[in-house]
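Chemist: UniProt numbering puts the sequence shown at residues 1 to 930. From the three backbone atoms N, C-alpha and C, an ideal C-beta is built for every residue, glycine too. Computed from a predicted structure; not experimentally measured. Sharing a structure with you now.
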Amino acid sequence: MDDTARKLLAAALRYAAGRLATLDTAQKLAELVEKPLADAVQVQGHLTTAGTQLATAVTALDAGDLANGTRHLWDALGEVDAAATILGVKLDVVAQKAIEEAPPRALLQGLGLRSPVAAMKADDNGSPLLEVTWKGTSASAPPFQVDAVELTVRFGAPGLSMTVAGSGASIDLGRGTDGLIRKLIGAAGSASTDLAFTVDARGVTTRGAVGPIALPARLDAQVVELQGLDLALNAEGGDLRIDLRSRLLTELLGVLKARVDGAGLRLPIDPARILAGQQPFGDPSFLVPEAIGISLDAGPVSGGGYLRVVQGGFGGALALTIGPVKVDAFGLFREVDGAMSFVVVMSMRFPVPIELGLLFTLNAVGGIVGLGVDVMPDAIAAGIKDGVLEQLMFPPDVVAAAPTILQTLGRVFPAKAGSFVVGPMVQLAWGRPISLFTLDVGVVLAAPDPVIVIVGLARAALPTEEAPIIDLRAGVMAQFGRGKVLLRAELYNSRIALFSVYGSLGLLIRFDDPGVYLSAGGFHPKFTAIPGELTGMRRIGAEMSPPVGLQLRLEGYVAVTPNTVQFGGSIEIGYSVAVAAVRGSLTLDALIQLDPFGFEVAISAGVHVEAFGIALLGVQLSGRLTGPSPWTIEGRGRFSLPWPLPDPSIDVGPITFGPSRPASPALEAVAPLAKVAEALNLPEAWQRAERAGQYVPVRMTPVPGVPAGGGDSPTVIAPWELVRCSQRRFPWQMTIERVGAAPVAPAKCRLAVPGGVRVGAVGGAPGAAVDSSSVTESFAIGQLLQLSADAQLGAPDFEDRQGGLTIDLSTAETDAAALLPFVHSVELEYEDSWPGRPEEPIEPMRLLISDAMLRLLLDAGPAGSSALRSAEDWRPQLAERRIEVRPVSEVRVTDVASGALRADFAPWSDALFSARGVQGGLAAMTRVGA
Numbered sequence: 001m002d003d004t005a006r007k008l009l010a011a012a013l014r015y016a017a018g019r020l021a022t023l024d025t026a027q028k029l030a031e032l033v034e035k036p037l038a039d040a041v042q043v044q045g046h047l048t049t050a051g052t053q054l055a056t057a058v059t060a061l062d063a064g065d066l067a068n069g070t071r072h073l074w075d076a077l078g079e080v081d082a083a084a085t086i087l088g089v090k091l092d093v094v095a096q097k098a099i100e101e102a103p104p105r106a107l108l109q110g111l112g113l114r115s116p117v118a119a120m121k122a123d124d125n126g127s128p129l130l131e132v133t134w135k136g137t138s139a140s141a142p143p144f145q146v147d148a149v150e151l152t153v154r155f156g157a158p159g160l161s162m163t164v165a166g167s168g169a170s171i172d173l174g175r176g177t178d179g180l181i182r183k184l185i186g187a188a189g190s191a192s193t194d195l196a197f198t199v200d201a202r203g204v205t206t207r208g209a210v211g212p213i214a215l216p217a218r219l220d221a222q223v224v225e226l227q228g229l230d231l232a233l234n235a236e237g238g239d240l241r242i243d244l245r246s247r248l249l250t251e252l253l254g255v256l257k258a259r260v261d262g263a264g265l266r267l268p269i270d271p272a273r274i275l276a277g278q279q280p281f282g283d284p285s286f287l288v289p290e291a292i293g294i295s296l297d298a299g300p301v302s303g304g305g306y307l308r309v310v311q312g313g314f315g316g317a318l319a320l321t322i323g324p325v326k327v328d329a330f331g332l333f334r335e336v337d338g339a340m341s342f343v344v345v346m347s348m349r350f351p352v353p354i355e356l357g358l359l360f361t362l363n364a365v366g367g368i369v370g371l372g373v374d375v376m377p378d379a380i381a382a383g384i385k386d387g388v389l390e391q392l393m394f395p396p397d398v399v400a401a402a403p404t405i406l407q408t409l410g411r412v413f414p415a416k417a418g419s420f421v422v423g424p425m426v427q428l429a430w431g432r433p434i435s436l437f438t439l440d441v442g443v444v445l446a447a448p449d450p451v452i453v454i455v456g457l458a459r460a461a462l463p464t465e466e467a468p469i470i471d472l473r474a475g476v477m478a479q480f481g482r483g484k485v486l487l488r489a490e491l492y493n494s495r496i497a498l499f500s501v502y503g504s505l506g507l508l509i510r511f512d513d514p515g516v517y518l519s520a521g522g523f524h525p526k527f528t529a530i531p532g533e534l535t536g537m538r539r540i541g542a543e544m545s546p547p548v549g550l551q552l553r554l555e556g557y558v559a560v561t562p563n564t565v566q567f568g569g570s571i572e573i574g575y576s577v578a579v580a581a582v583r584g585s586l587t588l589d590a591l592i593q594l595d596p597f598g599f600e601v602a603i604s605a606g607v608h609v610e611a612f613g614i615a616l617l618g619v620q621l622s623g624r625l626t627g628p629s630p631w632t633i634e635g636r637g638r639f640s641l642p643w644p645l646p647d648p649s650i651d652v653g654p655i656t657f658g659p660s661r662p663a664s665p666a667l668e669a670v671a672p673l674a675k676v677a678e679a680l681n682l683p684e685a686w687q688r689a690e691r692a693g694q695y696v697p698v699r700m701t702p703v704p705g706v707p708a709g710g711g712d713s714p715t716v717i718a719p720w721e722l723v724r725c726s727q728r729r730f731p732w733q734m735t736i737e738r739v740g741a742a743p744v745a746p747a748k749c750r751l752a753v754p755g756g757v758r759v760g761a762v763g764g765a766p767g768a769a770v771d772s773s774s775v776t777e778s779f780a781i782g783q784l785l786q787l788s789a790d791a792q793l794g795a796p797d798f799e800d801r802q803g804g805l806t807i808d809l810s811t812a813e814t815d816a817a818a819l820l821p822f823v824h825s826v827e828l829e830y831e832d833s834w835p836g837r838p839e840e841p842i843e844p845m846r847l848l849i850s851d852a853m854l855r856l857l858l859d860a861g862p863a864g865s866s867a868l869r870s871a872e873d874w875r876p877q878l879a880e881r882r883i884e885v886r887p888v889s890e891v892r893v894t895d896v897a898s899g900a901l902r903a904d905f906a907p908w909s910d911a912l913f914s915a916r917g918v919q920g921g922l923a924a925m926t927r928v929g930a
């Protein structure tokens, strides 16, 4: 329930409680209804019980518990009804007289309402309820006006509801527009409609919804047609806003037609003003149109356009035919960090294809250009099968599909200050005089964070495009840059004769997080370490499913990852006649793990007979083989019999045989601390680092004759720079259980920097403390942890962990002389200027965490590195939990207050140790893609 509804309902309930409190004696009730007091004792008994219920209701209302307050108030009203029945009157008479004696003057004055009419009625379930209705005169807040207002309050066992209805509500649409739009729809034109709002436990709604909903409306204008009026409610910060938006159609000079969507009025309603007896409407504001559609028919020039308001700017589409040439364009214009951001896609179709030779033709050309935008290859890859490429590359009707195209454009090309994209597009075809094969190709280059994205759409239609027997459609996306090579291809909406065909192909080569993944048709069902770039892949398959007769489906997949080879497939076949059918299936899944070597093969088969869609008889067999050291085999058979007979089953195994894996020879324990110390003694472990957002007063160049660092020479650090020391031997702040097959010494050690970082320690002095921050590096954590076979499959290949520190020497509280031995001396002459900048306060991070989410965050969220995690703060009664964790490299956590990225959260390996402390936790832990 929103705050607006809560305030209004609480005020109504308190008013009702106040009126009931005055009826505390039998004599007062009798005087109110003007009836003789025949049985005072019995009447007083009911009123005393009512008083007890009323006191409980008031206590609940004071505590903000509207539900219990409403329930006890209804119970109190029931006791008053019983007392009134003894006096020979109904509850509605008592209610009407009690309200007339002390009406809610503030509410009546604000809405212009007259005396009430009370009546007992029944709700949809037949339960009794008390209904009180007020009717009033007109209310207005120019340019908005309502001819008549009616308030209806219904009180029953389910709760309290209030409905405000306004008939003849009108709005002057012309006054909310300017410029071209005002010329299109005219300055006049008043739209009229009827409104109704309800306040109940669901909040503030209109016709049971918050909108937008379409209202029947009329427009007082001759040259403009009102095609619809939409109403939406928005309650924020305790205030209710009513948005009325129109859909208008107009025509100018017989050649230009325009449709204007969204022009209207925003009317705030403040419940505090209502309760204070003031007019409920705040200052209205006009709503500018959200979209404009234009069609032009002026002889040799015809076509149409579409313009839509989007967050931070607007987008549009244009399709024109100028003589024989067709030109299409669509784009987005936004503002980012005070600068203009735009992306435009243009294309031109040739009336007669240009011959290129060997039956190839050039049908269309186009291009993409954008400034202040970036390209998102993952958004393209994820949407290939949903038609993303068809929306961006030579769409057949850009105006009709403009809303969808603009959404796709914003998703694929997000605004980013300082970036730009550019690229050509062409449409090629093969075959004359009929194009049997068409190919749309585009190349997009984004900078300064360079990446090349190649997109393509291919279609083969035989014998003709209008009536193809073979119709194959494929979308392809390839990315080169930003630390990876990614290829995604989708076969969709394709068929060969009676068979529909489909499938996905994916290739991912990572350089910053090394790994190679290749898949045709997806991955093994048990393989959870799927890269985010390759999620959502479909099996390669073919299906023939006519309405009756033979049904056949074939599917398969094969995949290669850094540590596995996977393949499998399935066959489903069925035959149906009238209401009966026979169906069978065969499925195979194989997973081969390379290190340590092992494999798993699972096979299942089944057949069943059904009638009227209900299985009558059936058998299902399944088996599983794992090995080789040792071999394990198990199987199960299940028979389905007609009801009420039981469904017997047979289980075999697991049966284990063969020699176990020989024990590996004992290896010498590895000391991670010594290895890290050795790595940090290397010159390349120490580098200069830029300070984020630092103003650099001068660019320094090496002094002739003075080495700039490397080898035994120290690294020169500018006064405004940081020192970065890092290594990739072992991660810090992580429990290390093994190094490959070798143990570690000491066992389960954890590297850390105790006591902070100090510099300038000369002659036994402790040195000066300095500020430092973590440096993350990628580590192959699977070689550092003791994992089961299932956990090894789910583990990420690499994980970002702390591998070093960034040191801020400027924070050292010591004399400069103490640091001289650690600084290479050079002579520089420059004038420095440091403009003063006010310190900006850091707002605290705000989180809304449910109980279930809190338990997850204790293992894998931002709280994973906090004291909560170290205290093992979870509920011991939880016997099993499923933990889904994303590696650091695939997750970004954002501070909701500042929008800044946060990196201080526990990754996959920390969640692993938490899961081991819970029964079933490790077996249930999975990794999910980005």
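Based on the DSSP secondary-structure assignment, which residues constitute the bridge partners of D512?
Modeler: Paired residues: none, contrary to the question.
Chemist: Determine the direct distance from the alpha carbon of Q566 to that of L591, and round the result to whole angstroms.
Modeler: Those two C-alpha atoms are separated by around 5 Å.
Chemist: What are the boundary residues of the alpha helix (DSSP H) that includes residue 963?
Modeler: Because the chain is modelled from 1 through 930, residue 963 falls outside the range shown and cannot be assessed.
Chemist: Can you tell me whether M340 is buried or exposed, with buried defined as 16 or more other CB within 10 angstroms of its CB?
Modeler: Label assigned to M340: exposed.
Chemist: My assumption, with CB atoms under 8 Å, is that G804 sits in contact with V775. Please give the rounded CB distance.
Modeler: Indeed, because the Cβ distance is near 4 Å, the residues count as touching under 8 Å.
Chemist: Looking only at DSSP bridge pairs, what is H608 linked to?
Modeler: H608 is bridged to R583 and G618.
Chemist: When the Cα atoms are used, what is the spatial distance from G569 to R624?
Modeler: Looking at the two C-alpha atoms, the distance is approximately 15 Å.
Chemist: Locate the beta strand (DSSP E) running through residue 933, then write down its first and last residues.
Modeler: Nothing about residue 933 can be reported from this structure: the residues present for the chain run from 1 to 930 only.
Chemist: Would A768 pass as a contact of S726 if the rule is Cβ separation under 8 Å?
Modeler: Not closer than 8 Å, so no.
Chemist: Between which residues of its own chain and L436 is the CB-CB distance below 7 Å, once the five residues before and five after are set aside?
Modeler: Only W430, A460, A461 and L462 meet the Cβ criterion.
Chemist: Are the CB atoms of P531 and L554 nearer to each other than 8 Å?
Modeler: In this structure, L554 does not lie closer than 8 Å to P531 by Cβ.
Chemist: Could you give the uninterrupted runs of the beta strand (DSSP E) lying entirely in the region 456-519, keeping only those of 3 residues or more?
Modeler: Entirely contained in the region 456-519, the beta strand (DSSP E) runs reaching 3 residues are, in chain order, 470-481, 484-496 and 499-510.
Chemist: Tell me whether the beta-carbon of L362 lies closer than 8 Å to the beta-carbon of L428.
Modeler: Yes. Within cutoff.
Chemist: Decide if A364 is buried, meaning its Cβ has at least 16 other Cβ atoms within 10 Å, or exposed.
Modeler: Buried: at least 16 other Cβ atoms inside 10 Å.
Chemist: Beta strand (DSSP E) containing V94: first to last residue?
Modeler: Careful: V94 lies outside any beta strand (DSSP E), inside the alpha helix (DSSP H) at L91 to E101.
Chemist: List the residues that DSSP assigns as beta-bridge partners of W720.
Modeler: Looking at the DSSP assignment, W720 forms no beta bridge with any residue, so it has no partner.
Chemist: Among Q479, T163, G159 and G156, whose alpha-carbon lies nearest the alpha-carbon of E150?
Modeler: Ranking Q479, T163, G159 and G156 by Cα distance to E150 puts T163 first.
Chemist: At 3 residues or longer, what runs of the beta strand (DSSP E) sit wholly inside the region 730-790?
Modeler: Complete beta strand (DSSP E) runs here, min 3: 757-759 and 768-779.
Chemist: Run through the DSSP bridge pairs and tell me what T564 is partnered with.
Modeler: According to DSSP, which records beta bridges pairwise, T564 is partnered with T561 and Q593.
Chemist: If we require 4 or more residues per run, which alpha helix (DSSP H) segments fall completely within the region 379-446?
Modeler: Runs of the alpha helix (DSSP H) inside the region 379-446: 388-392 and 402-412.
Chemist: Please state if the CB of V607 and the CB of V619 are separated by a distance shorter than 8 Å.
Modeler: Closer than 8 Å, so yes.
Chemist: Exposed or buried, Q27, counting other C-beta atoms within 10 Å across all chains shown (16 or more means buried)?
Modeler: Q27 comes out exposed.
Chemist: So the alpha helix (DSSP H) D647 belongs to, where does it begin and stop?
Modeler: Here D647 belongs to no alpha helix (DSSP H), and DSSP marks it neither H nor E.
Chemist: Kindly examine the ligand GTP and report whether one of its heavy atoms sits closer than 7 Å to the Cβ of S494.
Modeler: The ligand GTP is not among the ligands present in this structure, which contains no ligands whatsoever.
Chemist: Considering only C-alpha positions, which residue in the set T152, D147 and G156 is nearest to G166?
Modeler: Residue D147 is the option with its Cα nearest to G166.
Chemist: As a quick exercise: from F599, P546, V560 and A317, pick the residue whose alpha carbon is nearest that of I573.
Modeler: Of the listed residues, the one whose Cα sits closest to I573 is P546.
Chemist: Taking just the CA atoms, how far does G78 sit from V43?
Modeler: The alpha-carbon atoms of V43 and G78 are separated by roughly 13 Å.
Chemist: By a C-beta neighbour count over all protein chains shown, 10 Å radius and 16 as the cutoff for buried, is K748 buried or exposed?
Modeler: Exposed, by the Cβ-count rule.
Chemist: Mark Q391 as exposed unless 16 or more other C-beta atoms lie within 10 angstroms of its C-beta, in which case mark it buried.
Modeler: Counting Cβ neighbours within 10 Å, Q391 comes out buried, since at least 16 surround it.
Chemist: Beta carbon of G456, beta carbon of G503: below 8 Å?
Modeler: No, these two residues do not count as a Cβ contact at 8 Å.
Chemist: Indicate whether L8 and V260 have their beta-carbon atoms separated by less than 8 Å.
Modeler: No, the Cβ-Cβ distance between L8 and V260 is not below 8 Å.
Chemist: Less than 8 Å between the C-beta atoms of G549 and R538, yes or no?
Modeler: No, Cβ-Cβ distance for G549 and R538 is not below 8 Å.
Chemist: Identify every residue that forms a DSSP beta bridge with T806.
Modeler: Paired residues: R724 and S773.
Chemist: Below 8 Å CB to CB, which residues in the same chain sit around L848 once its five sequence neighbours on both sides are set aside?
Modeler: With a pLDDT of 42 at L848, under the threshold of 50, the modelled position of this residue cannot be trusted; read the value that follows with caution. Closer than 8 Å at the Cβ level, and outside the excluded window around L848, lies no residue.
Chemist: Starting from L320 and walking both ways along the alpha helix (DSSP H), at which residues does that stretch end?
Modeler: No alpha helix (DSSP H) holds L320; the beta strand (DSSP E) holding it covers G313 to I322.
Chemist: Among the candidates K484, Q783, T438 and I454, whose CA atom is the shortest distance from the CA of D471?
Modeler: Selected option, being the one with the closest Cα: T438.
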